[in-house]
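Following: one structure in structure tokens, then a few remarks.
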Amino acid sequence: MAKWIFDVGLAVLLAGLEVVALLAVWFVGAMEKWAAKGAPVPDRMGRDVLALSVAAVSSASIGYGCSLAALPVACVSQAVMAVLLTLLLFLGVGTECSRRIGRERRRRRLRRERLRWHESQRDDSRQTSARGRQPRQPR
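Pasting the structure below:
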């Protein structure tokens, strides 16, 4: 009976510590954004990815240690936490990748439009010089 109480208590304690640690990391990130007055904070997503990946790996390794120590509840809770943190990591990375891909597509489209505009301006200037530099009509 005492082993089960210890097992459940350890499972709750470890899960709570992981949640508190992640909340502290995100709070620090939010404070940095607040201190920058809403301006972009350099490599914020990189820090979030690092925190989530370290948390997922540590949960998995703690779960493995709990399985070796014959603590099934703590092992299962750590395995569930590792899976949830990994899913959260994939969602965050997927969202960031889609944002970057969209941003790059927009930039590429704008570059093409600017290039076309500049080429059309060059064509207009060639046509004007071919006409013998006739003065433009007032609009």
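Numbering (the working numbering), first residue to last: 941 to 1079. For each residue, glycine too, the CB sits at the ideal point set by N, CA and C. None of these values were measured; they are calculated from a predicted model.
Here the region 968-982 makes no contact with the region 941-954; the two share fewer than three CB pairs at distances below 8 Å. Here GLY1032 is near MET985, since their CB atoms are less than 9 Å apart. Secondary structure at VAL997: helix, using DSSP grouped into helix, strand and coil. The straight-line gap separating the alpha-carbon atoms of GLY1003 and VAL968 is approximately 27 Å.
Around the beta-carbon of LEU957, fewer than 16 other beta-carbon atoms lie within 10 Å, marking it exposed.
If the five residues before and after ALA1019 are omitted, its C-beta is found closer than 6 Å to the C-beta atoms of GLY1003, all from its own chain and listed in chain order. In the three-state DSSP reduction, MET985 falls in the helix class (H, G or I). Taking C-beta atoms under 8 Å as the contact rule, SER1017 and ALA942 fail to qualify, at a distance of about 19 Å.
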